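Student: Those protein sequence lines, which keep their order, are chains A and B.
So for the first sequence, numbering that gives the first Met the number 0 puts the first residue at 0; every next one is plus one.
So for the second sequence, numbering that gives the first Met the number 0 puts the first residue at 0; every next one is plus one.
There are 2 protein chains.
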Amino acid sequence: MAGGTKRLPRAVREQQMLDAAVEVFSEKGFHETSMDAIAARASISKPMLYLYYGSKDELFAACIGREGQRFVEALAPAGDPNLPPRAQLRVALESFLGFVDEHRHSWMVLYRQALAQQAFANQVRSSRDRLIELTAHLLESSTRDPEPDMDFTIMAVALVGAGEAVADRIAGGEIDVAKAADLLENLAWRGLAGRRRTDTPG
Amino acid sequence: MAGGTKRLPRAVREQQMLDAAVEVFSEKGFHETSMDAIAARASISKPMLYLYYGSKDELFAACIGREGQRFVEALAPAGDPNLPPRAQLRVALESFLGFVDEHRHSWMVLYRQALAQQAFANQVRSSRDRLIELTAHLLESSTRDPEPDMDFTIMAVALVGAGEAVADRIAGGEIDVAKAADLLENLAWRGLAGRRRTDTPG
Numbered sequence: 000m001a002g003g004t005k006r007l008p009r010a011v012r013e014q015q016m017l018d019a020a021v022e023v024f025s026e027k028g029f030h031e032t033s034m035d036a037i038a039a040r041a042s043i044s045k046p047m048l049y050l051y052y053g054s055k056d057e058l059f060a061a062c063i064g065r066e067g068q069r070f071v072e073a074l075a076p077a078g079d080p081n082l083p084p085r086a087q088l089r090v091a092l093e094s095f096l097g098f099v100d101e102h103r104h105s106w107m108v109l110y111r112q113a114l115a116q117q118a119f120a121n122q123v124r125s126s127r128d129r130l131i132e133l134t135a136h137l138l139e140s141s142t143r144d145p146e147p148d149m150d151f152t153i154m155a156v157a158l159v160g161a162g163e164a165v166a167d168r169i170a171g172g173e174i175d176v177a178k179a180a181d182l183l184e185n186l187a188w189r190g191l192a193g194r195r196r197t198d199t200p201g
Numbered sequence: 000m001a002g003g004t005k006r007l008p009r010a011v012r013e014q015q016m017l018d019a020a021v022e023v024f025s026e027k028g029f030h031e032t033s034m035d036a037i038a039a040r041a042s043i044s045k046p047m048l049y050l051y052y053g054s055k056d057e058l059f060a061a062c063i064g065r066e067g068q069r070f071v072e073a074l075a076p077a078g079d080p081n082l083p084p085r086a087q088l089r090v091a092l093e094s095f096l097g098f099v100d101e102h103r104h105s106w107m108v109l110y111r112q113a114l115a116q117q118a119f120a121n122q123v124r125s126s127r128d129r130l131i132e133l134t135a136h137l138l139e140s141s142t143r144d145p146e147p148d149m150d151f152t153i154m155a156v157a158l159v160g161a162g163e164a165v166a167d168r169i170a171g172g173e174i175d176v177a178k179a180a181d182l183l184e185n186l187a188w189r190g191l192a193g194r195r196r197t198d199t200p201g
């Protein structure tokens with residue numbers, strides 16, 4: 000195996016570097032992460048790392064790009080047009096939360112770290128905006144007789160915000176995916192604590 | 000008025016510096032903000048600024064401290080023990096969203112910027128945790144016959160997450176406080192889109 004790592008295809012080596020970078024960024028945060036630490040985690044030399052990614056910013060952008068792509072792919076099943084809208088929303092919730100559960104580092108880097116950096120925040124916001132649009136569409140499609148003043152976009156903002164907050168708890172191992180999906184589904188359709196009850200008519 | 004600003008009491012000058020700092024931090028973000036820019040905004044010299052606040056980190060921490068205190072004060076009316084829990088939750092929502100509406104820079108600095116900096120995130124998280132505890136308590140107090148497996152803490156996490164996401168839209172001028180408070184109240188008690196309807200019995 001002497002020198003074996005040098006013969007790895009470029010694409011494989013890139014993925015290894017990104018794997019290491021996502022881990023270190025999620026543990027230490029963008030500003031506290033050094034290229035040295037990432038090179039060490041990936042078991043390569045720092046010059047090699049710089050050969051592939053010219054700067055920490057470039058490497059971080061590549062991480063967001065890859066993780067964002069995975070995130071979008073994870074949500075794809077929710078787009079199945081054969082499912083009724085409400086089932087699509089359930090699938091979207093489970094896909095979203097399941098992704099966070101299986102890719103905790105990814106979640107920390109993709110959302111929490113990247114949103115914190117003004118240079119990268121727009122990249123993440125555009126993914127979030129697509130998620131909000133999808134959610135608004137599913138809420139609207141599955142609501143019978145909506146009241147005329149219902150603003151589905153701001154509802155979707157609220158639901159996605161709730162989903163992100165709950166996702167943080169999943170990433171922290173505090174709640175499991177099925178329970179979290181039930182909670183958010185209730186949030187959308189029945190309310191949290193007051194389900195199946197109304198205090199005041201009209 | 001020659002030399003007048005030099006005779007300002009220390010406490011007044013401190014507040015002016017913090018006002019300027021909160022503005023600039025909220026506009027540019029922590030890392031892109033320079034002490035020069037803050038001194039210029041406050042119409043004082045940079046040495047004077049350093050005399051009061053020894054570093055950008057120290058100044059940012061002072062901003063978070065002051066804005067956090069204001070935030071907690073704004074929520075105080077919700078703690079009125081003479082109100083029933085559900086009315087307390089409504090007051091808490093309106094106080095929270097009203098604070099964001101009136102102090103948009105504060106919101107951007109307090110929450111969004113500070114959470115992004117690992118060194119300051121704990122300071123904000125502890126305020127957020129108190130808000131989650133308060134919300135969980137109010138949800139639990141106002142739910143009659145709760146199901147045995149109801150986890151009010153994670154419900155509160157979801158509701159506060161939704162509130163933060165909606166607050167961002169208030170800070171951006173996209174929705175007004177009353178409409179946002181109605182939305183979040185519905186979220187807590189009746190669900191978003193499915194209000195007053197249930198699809199499946201049991």
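Yeah, the Cβ is synthetic: ideal placement off N, Cα and C, and Gly gets one too.
In this text the structure is predicted, and so the values were computed from the model without any measurement.
What do you get for B/G160, buried or exposed, if any count of 16 or more other CB atoms within 10 angstroms of its CB means buried?
Tutor: The residue labelled residue 160 of chain B in the question sits at position 161 within the second sequence. Classification for B/G160: buried.
Student: Considering only residues of the region 63-107 of chain A, which uninterrupted alpha helix (DSSP H) runs meet the minimum length of 4 residues and lie entirely inside it, listed in chain order?
Tutor: 84-101, 103-106
Student: For B/E146 and B/P83, I'd like the C-alpha separation in whole angstroms.
Tutor: In the second sequence, counting from the first residue as 1, residue 146 of chain B sits at position 147. In the second sequence, counting from the first residue as 1, residue 83 of chain B sits at position 84. Answer to the nearest angstrom: the Cα atoms are 21 Å apart.
Student: For the ligand ZN, is there any heavy atom lying closer than 7 Å to the beta carbon of A/E101?
Tutor: Absence of the ligand ZN is noted for the structure shown, with no ligands found whatsoever.
Student: Are the C-beta atoms of A/R129 and some chain B residue less than 8 Å apart?
Tutor: Within the first sequence, the letter at position 130 stands for residue 129 of chain A. Not one chain B Cβ lies under 8 Å of A/R129.
Student: What would DSSP say about B/P147, mapped onto helix, strand or coil?
Tutor: Position 148 of the second sequence holds residue 147 of chain B. DSSP places B/P147 in the coil class of the three-state scheme, outside both helix and strand.
Student: Which first and last residues belong to the alpha helix (DSSP H) in which B/E26 is found?
Tutor: Your numbering for residue 26 of chain B matches position 27 in the second sequence. Looking at the DSSP string, the run of the alpha helix (DSSP H) that includes B/E26 is 9-27.
Student: Can you grab the Cα-Cα spacing for the pair A/V21 / B/R111, in whole Å?
Tutor: Against the first sequence, residue 21 of chain A aligns to sequence position 22. Against the second sequence, residue 111 of chain B aligns to sequence position 112. Answer to the nearest angstrom: the Cα atoms are 22 Å apart.
Student: Going by beta carbon distance, what residues of the same chain come within less than 7 Å of B/A60, once the five residues before and after it are set aside?
Tutor: The residue given as residue 60 of chain B occupies position 61 in the second sequence. Once the five neighbours on either side are set aside, the close Cβ partners of B/A60 are F119.
Student: Does the CB of A/E26 have a neighbour CB from chain B at under 8 Å?
Tutor: Sequence index remark: in the first sequence, residue 26 of chain A carries index 27 (1-based). For A/E26, the answer is no, since every Cβ of chain B falls outside 8 Å of its Cβ.
Student: So with Cβ pairs under 8 Å, would you call A/A91 a contact of chain B?
Tutor: For the purposes of this step, residue 91 of chain A is taken as residue 92 along the first sequence, with counting starting at 1. Chain B places no beta carbon closer than 8 Å to that of A/A91, leaving this residue out of the contacts.
Student: For a cutoff of 8 Å on Cβ pairs, would you count A/Q117 as touching chain B?
Tutor: Here the question's residue 117 of chain A lines up with position 118 in the first sequence. Yes - at least one Cβ of chain B is within 8 Å of the one on A/Q117.
Student: First and last residue of the alpha helix (DSSP H) that includes A/Q117?
Tutor: On the first sequence, residue 117 of chain A is found 118 positions in, with the first residue counted as 1. Following the DSSP letters along the chain, one finds A/Q117 inside the alpha helix (DSSP H) bounded by residues 117-140.
Student: Give the straight-line distance between the Cα atoms of B/E139 and B/R124, rounded to the nearest whole angstrom.
Tutor: Start at 1 with the first residue of the second sequence, and residue 139 of chain B comes out as number 140. Start at 1 with the first residue of the second sequence, and residue 124 of chain B comes out as number 125. Taking the straight line joining both Cα atoms gives about 22 Å.
Student: Since A/R168 meets chain B, which of its residues come closer than 8 Å, beta carbon to beta carbon?
Tutor: Taking the first residue of the first sequence as position 1, residue 168 of chain A is located at position 169. I153, V156, listed in chain order.
Student: Please state whether the Cβ-Cβ distance between B/M107 and B/Y52 is less than 8 Å.
Tutor: The residue labelled residue 107 of chain B in the question sits at position 108 within the second sequence. The residue labelled residue 52 of chain B in the question sits at position 53 within the second sequence. In this structure, B/Y52 does not lie closer than 8 Å to B/M107 by Cβ.
Student: Spatial neighbours of B/S105 within its chain, please: C-beta separation below 7 Å, excluding the five flanking residues on both sides.
Tutor: As a working note, residue 105 of chain B is residue 106 in the second sequence. Spatial neighbours of B/S105 in its own chain (CB-CB distance under 7 Å, excluding positions within 5 residues in sequence) are listed in chain order as V21, E66, R69.
Student: Is the Cβ of B/A217 closer than 8 Å to any Cβ of chain A?
Tutor: Examination of residue 217 of chain B is not possible in this model, given that chain B is present from 0 through 201 alone.
Student: So with Cβ pairs under 8 Å, would you call A/H108 a contact of chain B?
Tutor: Here residue 108 of chain A is taken as the residue at index 109 of the first sequence, counted from 1. One detail in the question is off: residue 108 of chain A reads as Val in this sequence, not His. For A/V108, the answer is no, since every Cβ of chain B falls outside 8 Å of its Cβ.
Student: Can you tell me whether DSSP reads B/R168 as helix, strand or coil?
Tutor: Start at 1 with the first residue of the second sequence, and residue 168 of chain B comes out as number 169. In this structure, B/R168 counts as helix in the three-state DSSP scheme.
Student: Please identify, using Cβ separations under 7 Å, the residues of the region 25-44 of chain B that lie next to chain A, in order along the chain.
Tutor: G28, E31
Student: For A/I63, decide whether its Cβ has a neighbour in chain B, counting only Cβ atoms nearer than 8 Å.
Tutor: Here residue 63 of chain A corresponds to residue number 64 of the first sequence, with the count starting at 1. Cβ-Cβ to chain B under 8 Å: no for A/I63.
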